[in-house]
Each structure stands twice: as structure tokens, then as C-alpha cells.
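As you go down the protein sequences, you meet chains U and Y in turn. Position in the first sequence (from 1) plus 1047 gives the number in this note's numbering. Position in the second sequence (from 1) plus 778 gives the number in this note's numbering. For glycine and all other residues, C-beta sits at the position ideal for the given N, C-alpha and C.
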Amino acid sequence: MWEAHCKLTISFVFFVLLCVCDLCGKYSLGVTMKVMLQHLAHCRSGDKGNTSNISVIAYAPELYPYLKEQLTAERFKAHYAGVVTGKVTRYDVDGLQALNFVAEGALGGGVSRSLCLDNYGKSLSARVLSFELEIPEALRPQLHGL
Amino acid sequence: MKKIVRIGAGSAWWGDRIEPARWNAERGDLDYLCFETMAEATVSAAQVRKRRDPSFPGYDTYLDDRMQAVLPACLKRGTKIVTNQGWINPDGAAQRIVYWLNKLGAKGIRVASVNGSLITDRVLKLAGTIMENGKPTSSLADNMVSAEAYLGAEPIVEALNRGAHIVVSGRVADPSIFMAPMMYEFGWDAMDHARLGAGNGLGHLMECGAQVTGGYFADPGFKDVPEPWNLAFPIVEVEQDGSATLTKVSGTGGAVNLMTVKEQMFYEVHDPANYITPDVVVDFTKARLEQAGPDRVRVTHISGKPRTPTLKVSIGCTEGFIGEDMFFYAGPGALRRAQLAKKVLEERFKVVKLEAEEVRIDFLGLNAIHGAMTPKDAPEPYEIAVRVAARTKTREEAIKVGREVDGMAVSGIGMTGKRVPHQDRTREIIGVWSTLVPRENVVPSINFFES
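And the structure:
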């Protein structure tokens, strides 16, 4: 009986702990804000044939986890819908707080064949600046251009 | 052996500015000044030009300007020069450099030319498939203009070992141009992939010139750059173990900081852990960067993996023509007039039976750059250029684009602005494809010339 009571109590404590953890998980951001990527990161695009690579580099180490979590390859591709026609691969360089997106089929058939005025896609990286992220309000001092 | 080798950049592409190369030569206290002057299609474009104009010498059209700008200071300081300005005629470029040396009265300067990257006559036998589409390279046979392998640093190192003061090559991988002096000065072995990884990684940071010193970077209010009209080209101070400091000559605009270095590190890189060059596979993922002072960034821990058994080959092919032109609208209603103009062009192209593989009509100011990504709610601009381009098989078809834009002058929409027809509005397309060949099938050769 005592043993059963103990088990019940321990289970209950675990249950409460789990609930608290769950709440922490959901609300660990505290007060959040929506912000355009241009305030968190800078970027540059480069060309190789019909592939564009676009690096996204956090302005501060504290901002990097939010980029890594929210700017997935799938969301990146969706943000470039209509221009990037092929696969998007994301390479993470945690040590330098950088994500490198390799977007295939992004240059209208290749630099020399492209009918786009910006044959090289040099201005393609600017598109990602408008991607929206949700970050803790507390990180506001780390943001650029606000 | 030197403790530190100072290597400066003299150009990042054919059209680059000349003056920053002179600053590096005069004020950089350089052991080496390295020039990169080729884009993917440079060799093919040079071949096409040579076919049409036999008097075209086949090397960098700015060779004279660049050499006149830097040779006096380089001779004074004893700065050696490594450059890929040889394009399709490295011997001719070397002889031209000797001409300038003689003019300056410099005697006994050895200029080496590195040949052997051109494999147009053999590529179909050596290479199997096209990397971009998996088709056999023989499918390019009819339209092929040029095929050139990307050589590594080794032939340049050999030329330096044989006493060259100036080395001028054809196609050599961009980072390798900058690494060759490191291998020569520090005696790095061609199989020492740890050091070559560091060296080629540094070469990659240098190969685009001002892109690491504040060029292709400034964004007002976000990334501000001092005096962006006055940018210097980079200098790297390399140590025996491949650690280095990136910097630039003082008294110039621009910046060398963690942001400029990171942006350039990933420029045109796909997998940062496996950046393939002819000499080594570079791994940037463990790199450490540290701001060591104003406009000084310490770069360490770029690493490397053994080189691949193949060399990349670029195959340039003629693939038809592009015809393009533009005309303008402004003021209230600019967009609705532009939209009607687009409709007129589309109908006119039917009337004149334009045979095009692709036609694109954009509103510059609204959607000509980001195309389909332009937000639906983007505000209507005050001014719009209607820009039209078509890709065609023949020049005759491409010419129709400009001719129909001409027609918009008196037969078009109200308040159409136009340019004076001032240039050939067609251009030839040279498509570039890639393939791989076994490295032992590409054997460079070196010739020497002396002032």
C-alpha cells in the first residue's frame, strides 16, 4: 500500500514536472517580436552555372539559433518561389554563425543564357532579407538597422 | 625561409579597377602581387573574338594598363607577379610583359608562361559526361568553342622554382594563383592537404579582390563602409603553418572585418566542408576568425582534405543569340502604359513571326530583377522601363527585338521615352558546361622569356 502510494506520488510529481517543462518549451521565448531577417543577418549571393548560393550570416551569435531553427531549406525555397526552380540544400557552419543555401535552377538556365537583367543573380540574396522570423523581444539590442 | 609572406591582390576580374593594384604595388610592401582576370566564359569569348579578328592577341585586353601601373613599383621592391592574364595566349602575354620590362630598362627579369590548360582538341576523348545534365560530352561537339582544364598551383610553383620573377598563365583555378607563392616560399608539398587547404582557403578569400575589403558589401544603415568609392584590394600576410592575417593598405576606404571575411568565405561556395579545387578539398567549417586590429582579421584553422583524382573542365559552346532593348514611361499611369506596351510587343512578335526559345518582358523598377518573387502588393513606381529580351537560334531573329522596340517610337503608346539606338542590341551566347578529366591527362608546360 505504502509502496503504491509512493509510486502514485512520484508519478504525480513527474506529471507536474512534465507540464511545467512543456509550458517552458512553449513560452521559453517570453515576449516575442516579428522581425525581418535583414535585422538579424547579412547575406551575399554567388553564381556557378545555373546554381546560386546565398549565404545568410548572423550579426550576433545570439541571433543564429533563430535563423537556424526558422529559416529551413523548405521555407527558403518557398520564399524564392517562381525564381528557384530546383533543389535547395542548406549547409550549416555553426562556428561562424552562417547558413549557406545552395539553390539549383535559380539563374534562368545559367549566367550566359539567362534573360534576366541581373544575369549573375548578384541581387538574389536581397530577397531573403524580407523573410520574417519570430524572436524574443529581449534580443532587440542585437538587431541591426532598427 | 621567410617567416611571413605578403601577398596582394591586383585584380579580381577582367574589368576590375587598375588603381588599387598600383596602391598594393607601391604601398603594400608585397612579396607577391597576384592577378585573377578570368570569368567562366572568358576563354570561349576570347576564342570567338580570335576567330573573327586574327589580330586579337588573345590575352587580357588590359594587360598593358595593369603592367604599366604596377611594374615600376614591383621592380623597385622586388615584388614577384603571378597572373592568369595569358587567357588563350600565355606566351604572347609573357612576350608583351617583356616588352614593358625592356621599356622600363629592367634587364634580366625572367617571365614564365604556363600553358597546357586548353584541351579543346582532346576533351571529347577524355571526358565522359556533362556535370550539369548527365549527357555525354559528345552532345556538345557541334557547337564547342573551347575546353579548358582548371590547372592547380603546381606549374606556377615550378616556374618560380626555375627562377621566374613573373608567371603568366592560361586557365588556373582562382585560389591557386594566390596559393602558389605560399607553396613556393614555405616549401609546402603538393600532397600536404592540411597546409594546402589553409592556403587555398586564403586564396579563395583573396581571389575576388575588394569583395573582402568592403566591396559588394555596403548596405546603408545596416553595413556601413567608410569611403566606398575608395576601396583597396586585399593583402594577406601568411605564416608557415597557413595561419594568416587579412588586411589592406592604409589611407584607403572600405573595411576588413569579420562580416566582410565571412561573406567572401562563402561566396560561390556550395558545401563549405568540401570546396573542391585542383590542389585540395578545402574545409571552411572549422575556420576561426578574429578581429586583430583595425582592418586586420586573423584567419586560422581553415583545413583541407586530399585532392580529387580529376580536374574540372569548362566547355564553352555557342548557343545562339540574345536580343534585348528597353524603353520608358514615367508619371501617373506609367504602369498601365507599360502594360499596354507589353501587349503591343507580344502581338508584334506574332506579326513578325519571332522565333524565340524564350521571351521575357519586364517592368524595370517593378519586377525586372526579382521577377516572379516580386510581392503582389509592391507599390507602383513613378518611373518604369519596359525591358524586353529574347533568346533565339540566329542573329537575324535576335535583331527583331530591337527593331520592334524601334517601332514603339512613333507607332507605340503615348508618352513613350526611348533611347537613341546607340549599340548593337544583340549578343552571342556562349554557354558554359562542366566536366571532369583524369588529372594525369592534363600536362602543363612552361616557357621562359627574359628582358
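Alpha carbon of residue 1166 (chain Y) to alpha carbon of residue 1138 (chain U), nearest angstrom: 36 Å
Test: residue 1122 (chain U) CB closer than 7 Å to a CB of chain A: Protein chains U and Y are contained in the structure displayed, whereas chain A is not.
Neighbouring residues, chain Y, relative to residue 1195 (chain U) (Cβ below 8 Å): Here chain U has residues from 1048 to 1193 only, and residue 1195 (chain U) is not among them.
Touching by the beta-carbon criterion (3+ pairs, under 8 Å), the region 991 to 1001 of chain Y and the region 956 to 970 of chain Y: no
Residues of the region 1155 to 1174 of chain Y with Cβ closer than 7 Å to any Cβ of chain U, in chain order: Those would be 1165, 1167 and 1169, in chain order.
Cα-Cα separation between residue 1097 (chain U) and residue 1210 (chain Y), rounded to whole angstroms: 10 Å
Minimum C-alpha distance to residue 1149 (chain U) - residue among U:1192, U:1120, U:1108 and U:1176: U:1120
Cβ-based burial, residue 989 (chain Y) [other Cβ within 10 Å; buried from 16]: buried
Residue 1026 (chain Y) burial status per 10 Å Cβ neighbour count (16 or more: buried): buried
Integer Cβ distance of residue 946 (chain Y) from residue 861 (chain Y), believed to fall under 8 Å: 5 Å
Runs of alpha helix (DSSP H) wholly within the region 1165 to 1198 of chain Y (minimum 4 residues, chain order): 1173 to 1189
Minimum C-alpha distance to residue 983 (chain Y) - residue among Y:830, Y:1036 and Y:849: It is Y:1036.
Buried versus exposed call for residue 1103 (chain Y) [16 or more other C-beta atoms within 10 Å across all chains shown]: Under a 10 Å Cβ-count criterion, residue 1103 (chain Y) is classified as buried, with 16 or more other Cβ atoms of the shown protein chains found around its own Cβ.
CB of residue 818 (chain Y) within 7 Å of CB of residue 985 (chain Y), strictly: Taking C-beta atoms as the reference points, residue 818 (chain Y) and residue 985 (chain Y) fail to come closer than 7 Å.
Test item: CB-CB of residue 924 (chain Y) and residue 825 (chain Y) under 7 Å: yes
Interface residues of chain U facing residue 1063 (chain Y) [CB-CB closer than 9 Å]: 1138, 1139, 1140, 1141, 1142 and 1143
Own chain residues within Cβ distance below 7 Å of residue 789 (chain Y), not counting five before or after: Within the same chain, residue 789 (chain Y) has close Cβ partners 799, 813, 814, 815, 844 and 987.
Proximity to residue 1229 (chain Y) [Cα-Cα], best of Y:943, Y:1121 and Y:1171: Between residue 1229 (chain Y) and the set Y:943, Y:1121 and Y:1171, the nearest pair of CA atoms involves Y:943.
Check: residue 1206 (chain Y) C-beta below 6 Å from any heavy atom of the ligand SAM: With respect to the ligand SAM, the structure offers nothing, as it holds no ligand at all.
Residue 890 (chain Y) vs residue 1226 (chain Y) beta-carbon contact at 7 Å: yes
Contact set for residue 1194 (chain U): own chain, Cβ-Cβ below 6 Å, skip 5 residues either direction: No information on residue 1194 (chain U) is available, as it lies outside the stretch 1048 to 1193 that chain U covers here.
Cβ pair residue 992 (chain Y), residue 1009 (chain Y) closer than 7 Å: yes
Which of helix, strand or coil DSSP assigns to residue 1185 (chain U): The answer is helix: DSSP assigns residue 1185 (chain U) an H, G or I state.
C-beta contact flag for residue 949 (chain Y) and residue 895 (chain Y) at 7 Å: Contact annotation: residue 949 (chain Y) and residue 895 (chain Y) have beta-carbon atoms nearer than 7 Å.
Under the three-state DSSP convention, the category residue 1058 (chain Y) falls into: coil
Distance between residue 805 (chain Y) and residue 1173 (chain U) (C-alpha atoms, nearest Å): 36 Å
Cβ neighbours of residue 1152 (chain Y) in the same chain (closer than 7 Å, five flanking residues each side left out): Shown here for residue 1152 (chain Y): same chain residues with a beta carbon closer than 7 Å to its own, the five before and five after excluded, namely 1144 and 1145 in chain order.
Check whether residue 882 (chain Y) and residue 1222 (chain Y) have beta carbons under 7 Å apart: When the beta-carbon positions are compared, residue 882 (chain Y) and residue 1222 (chain Y) stay at least 7 Å from each other.
Unbroken alpha helix (DSSP H) run spanning residue 1203 (chain Y), endpoints: Premise fails: residue 1203 (chain Y) is in no alpha helix (DSSP H) and is neither H nor E.
Whole beta strand (DSSP E) elements within the region 1107 to 1161 of chain Y, 3-residue minimum: 1136 to 1142
Among Y:1108, Y:1048, Y:908 and Y:1114, the one whose alpha carbon lies nearest that of residue 1092 (chain Y): Y:908
Closest Cα partner of residue 1038 (chain Y) within the set Y:1061, Y:1017, Y:1175 and Y:1068: Y:1068
Nearest-angstrom Cα separation, counted from residue 912 (chain Y) out to residue 1185 (chain U): 51 Å
Residue 924 (chain Y) - containing beta strand (DSSP E), residue span: 922 to 927
Residues within the region 1168 to 1190 of chain U neighbouring chain Y, beta-carbon criterion of under 7 Å: 1170 and 1174
Buried or exposed by the 16-neighbour rule on C-beta atoms within 10 Å, applied to residue 858 (chain Y): buried
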